[in-house]
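Residue numbers (the working numbering): 814 to 1067. By construction, the Cβ of each residue, glycine as well, lies at the ideal position given by its N, Cα and C atoms.
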């Protein structure tokens, strides 16, 4: 019984990371100047690019190798499908969204939420292995993975809640939107524990699918926003900082 309770607590850890990142919106001032806005957009892009590579594509390749699949096939197929999926979603959104900034924020939130699903599945796989008792996975190893993903989720929560506040939403609603983007993670983790035999073979494709969705948002929404008006150099600096932060977190804690 203790192992089950420990696993439930461990599965919830990444969600706490997203919530912590979303709470940063409470420290924002009412207005945000142009320079900081450019840096924030660039930082979000850098975080998403790094997460796509280290959190999604590389694990997809590695998992495909363990399943004795040609390593690049799930990565390529999932990436293409992720881009096509977001392309279709974007076209549908354009028909119903009258405010351009609202569309961009919706796409950003959607892609980050989508990215959290395979991450939650990865946590679920590890804890399912621990609970099975025959996968050679210790509780400590599973907890460390969950903490690592939680730390990675901090900037992801922030890049949802802070732009919403910049758009004019109140801080509580912006915070809750960021929290909701991470709520799919424990749900996906619990579902994976229950459906481990069905989900695991699909994980390489799901990981790269989420990467494709994130890359689409970076190229279609965030990069043009960085170059809209002046101060685009600050956006480039933000991309570099965001990429380095997420890369270091992924490598050090992955």
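- Assigned with DSSP and collapsed to three states, residue 970 falls in helix.
- Relative to residue 959, the option among 815, 848, 841 and 1062 whose CA is nearest is 1062.
- In the DSSP annotation of this structure, the continuous segment of the alpha helix (DSSP H) that includes residue 876 starts and ends at 871 to 879.
- With respect to the C-alpha of residue 925, the residue from 1005, 860, 847 and 824 having the closest C-alpha is 860.
- Residue 1007 counts as exposed, since fewer than 16 other C-beta atoms from the protein chains shown sit within 10 angstroms of its C-beta.
- Using a Cβ distance threshold of 8 Å, residue 1020 and residue 873 count as a contacting pair.
- Between residue 867 and residue 1027 a beta carbon distance of about 12 Å is seen, past the 8 Å cut, so the two are scored as non-contacting.
- The DSSP-derived three-state label of residue 1042 is coil.
- For residue 1027, the enclosing alpha helix (DSSP H) stretches over residues 1016 to 1030.
- According to the DSSP assignment, residue 1010 belongs to the alpha helix (DSSP H) that extends over 1009 to 1012.
- Residue environment: residue 831 is assigned as buried (16 or more neighbouring CB atoms within 10 Å of its CB, all protein chains considered).
- The three-state reading of DSSP puts residue 884 in coil, since its state is none of H, G, I, E or B.
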